[in-house]
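Novice: Numbering-wise (our numbering), the sequence shown opens with residue 1 and increments by one. Even for Gly, the Cβ is constructed at its ideal location relative to N, Cα and C. Sharing a structure below in structure tokens format, with a few things to ask.
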Amino acid sequence: MVVSKEIISELKGVNQIFFDSTNIYFVPDFQRTFVWGIPEISQLFIDFDEDTKGFSKDVNELEGYLLGNIVLIEDSADLNRKNVVDGQQRLTTLSLIAKSLEVVINERIEGELSPENKRKWILKMGELAKGYALFDNQDAIKSLRLIHDASLSFGKYYKKLLMDEDVSDNDIHNEEDRNIKDVYIYSYEQITQFTDEQLRVFITYFKTKIKLIVTEAPSESQAFQLFEILNNRGKSLEPMDLIK
């Protein structure tokens, strides 16, 4: 959908949003809290399972899964930084799934695998880390894909979790932190149950077949105008979009 010549909407896969880009997505202080939890993430995995016939179908035969909309503002000072007007629920959840995938693969690498299989999974694990972080020339994390304004307290727990810092329930200070943990743990538990072949299918499906309508506006006023149009015309951006 194109609202004006200056606002551009494109259908993009997760690979274009995270893996194959250098973008950082900044969650500003006006954003609402992170509200997705077990109902949303469980329905999401049910949808994925149904769409892929239990992660058994050839991914090339699948049309893809439309997750919803995100609305971004271009940052004139940094073209690789996008300010999130709407879509932090989706972006956060996708990054948590990417982290879950990385952790599960690392656990399989540490298991009893042949050297050749270990090499294949190591390569996949390195690719998946790009789903939640950007790396420098020494392969150290230089930034998470999703960063939060300092005033958003739940950004602290999210950052510790994705940076592999020690986290415990003592770090959970609000409902948003709890929701982030629930989404991550649920994703991890579901992915852990996959066979190796299902895991390979899901990784390709996750990167190439999960789609978002990405709308970028050159100014805050235009982005909010678009946000109001979508909501006022019945195209809700609430989490219930997930199960439609």
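When the Cα atoms are used, what is the spatial distance from Ala150 to Asp29?
Specialist: Your numbering for residue 150 matches position 150 in the sequence shown. Your numbering for residue 29 matches position 29 in the sequence shown. Their Cα atoms are separated by approximately 8 Å.
Novice: Give the range of the beta strand (DSSP E) segment to which Val84 is assigned.
Specialist: Here residue 84 corresponds to residue number 84 of the sequence shown, with the count starting at 1. It spans Arg81 to Asp86 - the beta strand (DSSP E) in which Val84 sits, taken as one unbroken run.
Novice: How many angstroms separate the CA atom of Val84 from the CA atom of Thr33?
Specialist: Locating residue 84 in the sequence shown gives position 84, counting from the first residue. Locating residue 33 in the sequence shown gives position 33, counting from the first residue. When rounded, the distance between both Cα atoms is 13 Å.
Novice: Taking buried to mean at least 16 other C-beta atoms within 10 Å of its own C-beta, is Ile243 buried or exposed?
Specialist: On the sequence shown, residue 243 is found 243 positions in, with the first residue counted as 1. Low confidence applies to Ile243: its pLDDT is 31, below 50, so where it sits in the model is not reliable enough to give any reading.
Novice: CB Leu67 to CB Ile185, shorter than 9 Å?
Specialist: Working through the sequence shown from its first residue, we reach residue 67 at position 67. Working through the sequence shown from its first residue, we reach residue 185 at position 185. No, these two residues do not count as a Cβ contact at 9 Å.
Novice: Is Leu94 helix, strand or coil when you go by DSSP?
Specialist: Within the sequence shown, numbered from 1, the residue matching residue 94 stands at position 94. DSSP places Leu94 in helix when its eight states are reduced to three.
Novice: Enumerated in chain order, which unbroken segments of the beta strand (DSSP E) with a length of 3 residues or greater are wholly contained in the segment 98–174?
Specialist: With a minimum length of 3 residues, the continuous beta strand (DSSP E) runs that stay inside the segment 98–174 are 133–135, 141–144 and 146–148.
Novice: Give a yes or no on whether the C-beta atoms belonging to Glu107 and Thr204 are separated by under 9 Å.
Specialist: Position 107 of the sequence shown, counted from the start, is the residue given in the question as residue 107. Position 204 of the sequence shown, counted from the start, is the residue given in the question as residue 204. Contact: no.
Novice: Do you know how far the Cα of Glu116 is from the Cα of Asp58?
Specialist: To locate residue 58, count along the sequence shown from 1; it is residue 58. To locate residue 116, count along the sequence shown from 1; it is residue 116. The straight-line gap from Cα to Cα measures roughly 23 Å.
Novice: Rounded to the nearest angstrom, what separates Thr93 and Thr52 at their Cα positions?
Specialist: Translated into positions along the sequence shown, residue 93 becomes position 93. Translated into positions along the sequence shown, residue 52 becomes position 52. C-alpha separation (whole angstroms): 20 Å.
Novice: Thinking C-beta only, is Phe26 closer than 9 Å to Ile147?
Specialist: Walking along the sequence shown from the start, residue 147 turns up at place 147. Walking along the sequence shown from the start, residue 26 turns up at place 26. Result yes, Cβ atoms of Ile147 and Phe26 sit closer than 9 Å.
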